[in-house]
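Okay, structure first, notes after.
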Amino acid sequence: MKTVLELRELLDTNQVTSQALVDEALVLAHQNQEKCNSFVTILDDAKGNHEKKSLLSGIPYVIKDNFSTTGILSTGSSNTLKNYIPFFNATVIEKLKEAGAVPIAKSTMDEFGMGGTGTTGHTGIVKNPWDPSRMTAGSSAGSAACVAAGVVPFALGTDTGDSIRKPAAFCGIVGYKPTYGLISRYGLFPFASSLDHVGVLTRSVEDACATIDVMKGMDERDQTSLDSSTMHLLDSLTGDIKGKKLFYIKNLLELDAYEKVSDSLKSTFAQFESTLDLLRNAGAIVEGIEFDMVLLNAIPTTYVCISCAEATSNLSNMTGFSFGSRGEGSTYIESMKNHRTLGFSPLIKRRFVIGSYVLQKENQEKFFLNAQRVRRLVVDKMNELFKHYDAMIMPCSEGVATKLEQAGNMLQNDLLEVLENHMVIGNFGGFPSITIPNGMIEELPIGVNITGKVLDDENILNIAYTLEAKMSYKNQIAKEVN
Amino acid sequence: MSKFTAQLVDDYADKLLIGLTREENASVLNEFDIIEANMNKINDIAGLSSVEPMTHPFEIEFELREDLPDESDSIEQLLQNCEKKEGREVEVPKVVGE
Amino acid sequence: MTLLATIGLEMHCEMKSNAKVFSRGKNGYSEIPNSNVVALDLALPGTMPTINKYCVKNALKMSMILNCEQPEYMYFDRKNYYYPDLPKGFQITQFHHPVGINGNVVIEVNGERKSILIHDIHLEEDTASLDHGFDSTYIDYNRCGIPLLELVTEPCIHSALEAVAFLEHMRSVYKYTDISEADTKKGQIRCDVNVSLAEEGAPLGTKVEIKNVNSFSNVAEAINYEIKRQSELIESGRQDEIEQETRRFDEESGTTIRMRSKADAIDYKYFVEPNIPKYKITKEWLENIRTEITELALERKDKYIKQYGLSDYDAGVLVKEREVSDYFESCIALGIDAKIAANWVTVQILAYINKYELTLNEFFLTPEMLKTIVDKINDGTISSKQAKEVFFKTLENNKKPEEFISKENAQISDRKELESIIEVILANNQKQVEEYHNGKSNLFDFFVGQVMKETRGKANPVLTKEILNEKL
Chain A
345 MKTVLELREL
355 LDTNQVTSQA
365 LVDEALVLAH
375 QNQEKCNSFV
385 TILDDAKGNH
395 EKKSLLSGIP
405 YVIKDNFSTT
415 GILSTGSSNT
425 LKNYIPFFNA
435 TVIEKLKEAG
445 AVPIAKSTMD
455 EFGMGGTGTT
465 GHTGIVKNPW
475 DPSRMTAGSS
485 AGSAACVAAG
495 VVPFALGTDT
505 GDSIRKPAAF
515 CGIVGYKPTY
525 GLISRYGLFP
535 FASSLDHVGV
545 LTRSVEDACA
555 TIDVMKGMDE
565 RDQTSLDSST
575 MHLLDSLTGD
585 IKGKKLFYIK
595 NLLELDAYEK
605 VSDSLKSTFA
615 QFESTLDLLR
625 NAGAIVEGIE
635 FDMVLLNAIP
645 TTYVCISCAE
655 ATSNLSNMTG
665 FSFGSRGEGS
675 TYIESMKNHR
685 TLGFSPLIKR
695 RFVIGSYVLQ
705 KENQEKFFLN
715 AQRVRRLVVD
725 KMNELFKHYD
735 AMIMPCSEGV
745 ATKLEQAGNM
755 LQNDLLEVLE
765 NHMVIGNFGG
775 FPSITIPNGM
785 IEELPIGVNI
795 TGKVLDDENI
805 LNIAYTLEAK
815 MSYKNQIAKE
825 VN
Chain B
55 MSKFTAQLVD
65 DYADKLLIGL
75 TREENASVLN
85 EFDIIEANMN
95 KINDIAGLSS
105 VEPMTHPFEI
115 EFELREDLPD
125 ESDSIEQLLQ
135 NCEKKEGREV
145 EVPKVVGE
Chain C
168 MTLLATIGLE
178 MHCEMKSNAK
188 VFSRGKNGYS
198 EIPNSNVVAL
208 DLALPGTMPT
218 INKYCVKNAL
228 KMSMILNCEQ
238 PEYMYFDRKN
248 YYYPDLPKGF
258 QITQFHHPVG
268 INGNVVIEVN
278 GERKSILIHD
288 IHLEEDTASL
298 DHGFDSTYID
308 YNRCGIPLLE
318 LVTEPCIHSA
328 LEAVAFLEHM
338 RSVYKYTDIS
348 EADTKKGQIR
358 CDVNVSLAEE
368 GAPLGTKVEI
378 KNVNSFSNVA
388 EAINYEIKRQ
398 SELIESGRQD
408 EIEQETRRFD
418 EESGTTIRMR
428 SKADAIDYKY
438 FVEPNIPKYK
448 ITKEWLENIR
458 TEITELALER
468 KDKYIKQYGL
478 SDYDAGVLVK
488 EREVSDYFES
498 CIALGIDAKI
508 AANWVTVQIL
518 AYINKYELTL
528 NEFFLTPEML
538 KTIVDKINDG
548 TISSKQAKEV
558 FFKTLENNKK
568 PEEFISKENA
578 QISDRKELES
588 IIEVILANNQ
598 KQVEEYHNGK
608 SNLFDFFVGQ
618 VMKETRGKAN
628 PVLTKEILNE
638 KL
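Chains as they are written, first to last, in the numbering used here: chain A, 345 to 826; chain B, 55 to 152; chain C, 168 to 639.
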C-alpha cells in the first residue's frame with residue numbers, strides 16, 4: 345500500500361500498470377466495504393489510465409459522495425438523492441480527470457456533510473478500520489476509512505467544521521483542508537457555503553501537496569475561488585522549519601480546567617507535549633498563548649448558528665420536483681413536505697429547524713448576526729496572532745475515535761466541547777489547516793492539527809512535512825486492534 | 055423554564071416543509087435551550103453589537119462575469135432526474151391561488 | 168372629510184442581456200419550454216451563482232439616472248421561501264445594500280412637473296413560469312434567472328393618474344437606455360402597488376399591498392378600486408376593517424381580492440448570499456458608466472422646444488419612442504431644418520410606419536435620403552407635392568429617392584421657361600384675363616391650374632404665382 349509518489353515511481357518505471365493498480369484497489373474496496381461500509385458506490389468498471397498527463401495519472405482514488413460525477417450516482421448520503429445522477433462533473437473532478445487520476449468509488453459520508461460521526465449516511469454507519477466498534481468521525485467518513493485501510497492512496501473530502509481533519513485524526517492519516525477558495529466548490533453539494541472547503545485525505549503530507557496541486561485553481565463558475573497559480577505545494581517543501589514560530593492555546597490544554605479528566609485526555613496532552621518537543625528540536629519556537637475564554641466558549645454555538653442557517657437555505661432546493669424522489673401529495677406543499685420529511689435524516693432535520701429559527705427576523709440579531717460577529721472576533725484574534733506566529737498547533741481531540749455506542753450528535757455544553765470543536769476556527773477564517781497522526785493510545789491513532797494564515801498553505805504544509813519526518817506514522821496502514 | 059415549546063418547534067419545522075416525530079421534536083427543544091443559554095452569554099460580550107457581522111471568511115476580490123451565455127443543456131439531461139414530467143416540462147400538482 | 172390616498176409602487180422590469188444575471192444560461196424569449204436552461208436554473212445540487220457584469224453595469228446606470236446613492240460595496244442577499252417557480256428555495260436579490268437608494272425622478276403629469284422619491288432600486292433574478300393545466304401545473308424554467316430591476320418608490324404618489332404617469336415615464340427611460348424592452352404585453356413589467364388612505368395632514372393609514380399587477384391600466388383600476396373600497400369603509404366608520412394585507416387584482420371583476428393577511432405574512436429570512444463576496448463599486452467604473460447615459464425623453468423634449476422652437480405637442484410626439492427621437496436628431500445632424508424635419512417625421516413618417524406596422528429600424532427611408540428630398544425642395548428641383556410622391560415611390564420600390572427625381576420629373580423652376588409658358592396661356596385665355604382684371608380675383612387659381620395642366624404639374628408653384636402676379 346503505497347503513497348501517490350511511490351506509485352508514480354512504480355508506474356513511470358513500468359513496474360506496475362495503472363490497470364493493475366485499479367484492479368487491486370477494487371478488490372480492496374470490496375473487502376473494505378464489508379468491514380467498514382466506506383462506500384455508496386464502487387465503480388467496478390473503472391479502467392486504468394495509461395496516458396501520462398500529470399503526477400496523478402493512472403492512480404486510483406475515491407470521491408466523497410457529495411461531489412457531482414457525470415453519469416455516476418451522487419447521493420450526499422441522503423435519501424433525497426438516492427437515485428440522483430448528475431450530468432456534469434464538479435470542477436475538481438474534471439481537473440482530476442484531466443490529470444488522469446482514476447476514480448474507483450464514491451464514499452459514504454454524514455448526510456450532506458452535516459454530522460461529525462460518520463453515522464448518519466443513508467447507506468449506514470461507517471466503521472473505523474482500526475476498530476470497527478468505533479466511528480471514523482465525519483463527515484468525510486468513508487474517504488478516511490478507505491485511505492486508512494490502504495484501498496487507495498488518496499480520497500476527496502470536504503470540511504465545514506472539521507470534517508476532513510477529525511476523521512484523519514481518528515483514522516491515523518493525513519487530512520488537509522487548504523485555504524478557502526483554493527479549490528473550486530462548483531459541483532460540490534453545499535452544506536454551509538461560507539465554511540465549506542474541498543480537501544483531501546492521504547497517508548503522507550507530500551501526497552496531500554501533490555493532489556491539491558492538481559485540484560486547486562481559479563474557476564469562473566465559483567466566484568469565491570482564488571488564483572493560486574504561483575503556489576506550488578509539493579515543490580515548496582523544504583523540510584527546514586528553523587525559526588518558525590508556532591503557538592498553542594494554553595487555556596485549552598490545562599488539565600485542571602476540565603471537569604472530567606480521562607486517562608485518554610492525559611495521554612493526548614502528554615503526547616502533544618512530545619510532538620512540540622520534536623518541533624523545537626527541528627528549530628521551531630513553540631509557545632502557549634492565552635486565548636480569550638469567552639470567545640472560545642462561544643465557538644461551538646457560533647458554528648451551529650452559522651452552519652445551520654446557511655444549510656437550511658442551501659438545502660431548500662430539495663423539493664423532489666425537478667430532481668430527487670417525488671413526494672406523495674395532492675398539493676405542491678404536501679409533495680414538497682413529504683419529500684423532505686421522509687428524505688432527510690433526523691439529525692439534519694433538527695439542524696434545519698435550528699437554522700430556520702436563528703434566521704427568523706425577530707431572532708436574527710441575537711442569534712445569526714451575533715454569531716457572525718463572534719466569527720469576526722475569533723478570526724481577527726487569529727490574524728493578530730498570525731502576525732507574530734506562522735501557525736497554531738493543537739491536538740485534534742480529547743483522545744481516540746469514539747465508540748459507536750457513545751456517538752451522540754447532540755450539542756454538549758462544556759470545555760471538552762470546545763476542544764472537540766476548536767478546529768472550526770480553520771473554517772471561520774478560511775485558514776489552511778492540516779491534521780497529521782502524532783501518536784497512539786492503546787494502539788489507536790491520535791492526531792495533531794496545524795493551522796496557518798490565509799494563502800500561507802506552503803508554509804504550514806512544510807511544517808507538517810518536517811514534523812511528519814520526525815515521527816513514524818507516515819504512510820501507516822490501519823492495523824485492526826483486538 | 056424553557057421559553058420554547060413543542061408547538062413552536064413544530065411551527066418552525068412546518069414553515070420549512072418538514073415534519074418532525076415526537077422524538078425529533080424533543081431533541082430540537084433540548085438543543086434550543088442550549089443554544090439559547092449560550093447565545094445569552096455571547097450577547098454579553100462587550101462591544102459585540104458594534105462589530106460588523108462576518109459573511110465571508112476573508113475579503114475576496116473577484117471578476118464579474120462577461121455577458122456571454124452558455125449553450126443550453128439538453129432537455130434529456132435537464133430532466134433525467136425528474137420523476138414526473140410532461141413533454142419538456144416538470145409536472146407538479148396543480149398550484150392554485152396566487 | 169377629505170381623504171388623501173398615498174400610494175407606493177414597486178416596479179419590476181426584465182432587463183435585456185445576452186446571459187442571465189446569476190446563471191450562465193441564455194436570456195431570451197422562447198416558445199419552446201426549457202430551451203434556455205442550464206443546470207443552475209433547475210437548482211441542481213452543487214451549482215453556484217456568478218454575477219453578470221453587464222447586468223450590474225445597467226443596474227448602476229439606472230441607479231444614477233434615478234439620482235440614487237450607490238453603495239461602496241455591492242452585496243446580494245437571499246430571500247428564502249418555497250414555491251414551485253423558485254427552484255433554489257430562495258431568490259437572489261438585494262436587501263441590505265442595493266445598487267441605488269434615496270433617489271428621485273422628475274416626471275410630467277398633466278403638463279406639470281413632479282418629483283417622485285425613490286426608496287431604492289435593486290438587482291435580482293426572475294422566477295420560473297408556471298403553466299396551469301387541469302389538475303397539474305407545468306414548470307418552464309426559461310424565465311428562471313432572468314435579470315430584474317426592482318424599483319421601489321417612497322409613498323409619495325397620490326392618484327392613479329400620477330402612478331401611471333410615473334410608470335409610463337419609467338418605461339420610456341428603460342426603452343431609451345435600452346436596459347429593458349419594457350413591454351407589458353410580454354410580461355416584462357410587473358408592479359406591486361401599496362395603497363393607504365388618511366385625512367390630509369394625518370399620519371398614513373393602514374397600508375394594503377396589491378401584488379403582481381401586470382399592466383398600467385390595471386394599476387390604475389386597482390388603485391381606484393382600492394381607494395373606493397377603503398374610503399367606503401372609513402366613511403362608514405369601519406376603518407378598523409382595513410387590514411394590513413396582501414391582495415391581488417382581479418381583471419375580470421376589476422376588484423382587489425385578499426390573498427393573505429399580515430399574520431400569514433412570510434418571513435423571508437434575508438441574509439447575505441455566501442457564494443457571492445461583496446464587490447467594490449469603484450468611482451472610476453461609475454464615471455465610466457455615467458458617460459454612457461444619453462439624454463432621456465424629458466430632456467430631449469425640453470431641448471426640442473427651447474432650441475428648435477417646436478411645439479409642446481410635436482416635441483412630445485418626437486420623444487415618445489427613442490428610435491423616433493434618434494431619427495429626428497440624425498436629421499438635424501445632417502442639416503435638415505428642425506421644423507421641416509419635425510414635420511416630415513411626425514406627419515408622413517409616423518403615419519407610414521404605423522400603417523404598415525414597421526419599426527423605424529425597418530423603415531427604408533433613412534435620414535440621409537430625407538435630406539436629399541428636402542434639399543431638392545429647397546433648391547426648387549421639386550415641389551412639396553412632388554416630394555411626397557418621391558417619398559412614396561422610394562418606399563414602394565426600396566430604391567433611393569434620386570432615382571425618382573429626374574429631368575423629366577423635375578420641377579420647372581426656370582423663370583424664362585415658365586414666363587414663356589405663362590405668356591402662351593394668358594394669350595389663349597384673354598377672356599378670363601379680362602374678367603380677372605374686372606374683379607374676379609378667384610380666377611387666379613384658374614390660371615395656376617392651367618399652368619399646372621400645361622406642365623403636367625411640374626411648374627414650380629411659388630414661381631408660377633409670382634410670375635402670374637407680375638403679368639396680370
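Where a beta carbon is used, it is the ideal one built from N, C-alpha and C, also for glycine.
Query, Result
"Near-chain A residues of the segment 239–265 of chain C (beta-carbon distance less than 7 angstroms), N- to C-terminal order", "Arg245, Asn247, Tyr249, Pro251, Pro254, Lys255, Gly256 and Phe257"
"Any C-beta of chain A under 9 angstroms from that of Ala210/C", "yes"
"Run of the alpha helix (DSSP H) containing Ala508/C, from where it starts to where it stops", "Ala505 to Asn510"
"Distance between Tyr733/A and Val697/A (C-alpha atoms, nearest Å)", "40 angstroms"
"Met815/A (DSSP reduced to helix, strand or coil)", "coil"
"Boundaries of the beta strand (DSSP E) in which Arg427/C is found, first to last residue", "Thr422 to Ser428"
"Cutoff 9 angstroms: Thr649/C Cβ touching any chain B Cβ", "The requested residue 649/C does not occur in the structure, where chain C is confined to residues 168 to 639."
"Nonlocal neighbours in the same chain, by C-beta distance under 8 angstroms from Thr109/B, ignoring five residues either side", "none"
"Minimum Cβ-Cβ distance from Glu140/B to chain A less than 9 angstroms", "no"
"The segment 85–102 of chain B / the segment 641–655 of chain A touching (three or more Cβ pairs under 8 angstroms)", "yes"
"Neighbour flag for Asp127/B against chain A, beta carbons, 9 angstroms", "yes"
"Cβ shell of Gly175/C (< 6 angstroms), same chain only, five flanking positions each side left out", "Thr320, Pro322 and Asn361"
"Buried or exposed (CB count within 10 angstroms, at least 16 for buried), Thr461/C", "exposed"
"Run of the alpha helix (DSSP H) containing Ser230/C, from where it starts to where it stops", "Lys220 to Ile232"
"Backbone CA spacing between Val544/A and Ile508/A [nearest angstrom]", "7 angstroms"
"Within-9 angstroms CB hit, Ser133/B to chain C", "Correcting the residue type first, residue 133/B is Leu in the shown sequence and not Ser. Chain C contact via Cβ: present."
"Nonlocal neighbours in the same chain, by C-beta distance under 7 angstroms from Asn641/A, ignoring five residues either side", "Val762"
"C-beta atoms of Gly886/A and Asp506/A nearer than 9 angstroms", "For residue 886/A there is no data in the structure shown, the boundaries of chain A being 345 and 826."
"Spatially closest choice to Phe533/A from Ser412/A, Ser548/A, Asp566/A and Gly444/A, by CA coordinates", "Ser412/A"
"Contact between the segment 585–601 of chain A and the segment 553–572 of chain A (3+ Cβ pairs under 8 angstroms)", "no"
"Residue environment, Ala172/C, which counts as buried when at least 16 other CB atoms sit within 10 Å", "buried"
"Simplified DSSP state of Arg684/A, which is helix, strand or coil", "helix"
"Under 7 angstroms from the C-beta of Tyr733/A: neighbouring residues of chain B", "The contacting residues do not exist; Tyr733/A stays about 18 angstroms from chain B at best."
"Proximity of Phe775/A and Val798/A at Cβ, strictly below 9 angstroms", "yes"
"Within chain B, the residues that Asn185/C reaches when beta carbons sit closer than 7 angstroms", "Asp121, Leu122 and Pro123"
"Reduced DSSP category for Gln375/A - H, G, I as helix; E, B as strand; rest coil", "helix"
"For Leu132/B, the nearest candidate out of Thr419/A, Phe431/A and Ser421/A (CA to CA)", "Phe431/A"
"Buried/exposed call for Tyr603/C, threshold 16 Cβ in 10 Å", "buried"
"Leu364/C - containing beta strand (DSSP E), residue span", "Ile356 to Glu366"
"Proximal residues to Ala349/C (C-beta, below 7 angstroms), its chain only, five neighbours per side dropped", "Cys180, Arg338, Tyr341, Lys342, Gln355 and Ile356"
"Neighbour flag for Glu444/C against chain A, beta carbons, 9 angstroms", "The sequence shown places Pro at residue 444/C, not Glu. Answer yes: the Cβ-Cβ gap between Pro444/C and chain A drops below 9 angstroms somewhere."
"Proximity winner among Asn771/A, Pro789/A and Lys814/A, relative to Asp503/A (alpha-carbon distances)", "Asn771/A"
"9 angstroms Cβ cutoff, Val531/C in contact with chain A", "Going by the sequence as given, residue 531/C is Phe instead of Val. Not one chain A Cβ lies under 9 angstroms of Phe531/C."
"Under 7 angstroms (Cβ pairs) to chain B, residues found in the segment 303–315 of chain C", "Ser303, Thr304, Tyr305, Ile306 and Asp307"
"Residue closest to Ala554/C, alpha-carbon to alpha-carbon, out of Leu465/C, Asn627/C, Asn636/C and Leu290/C", "Asn627/C"
"Straight-line gap, Thr458/C to Met231/C (C-alpha atoms, nearest Å)", "11 angstroms"
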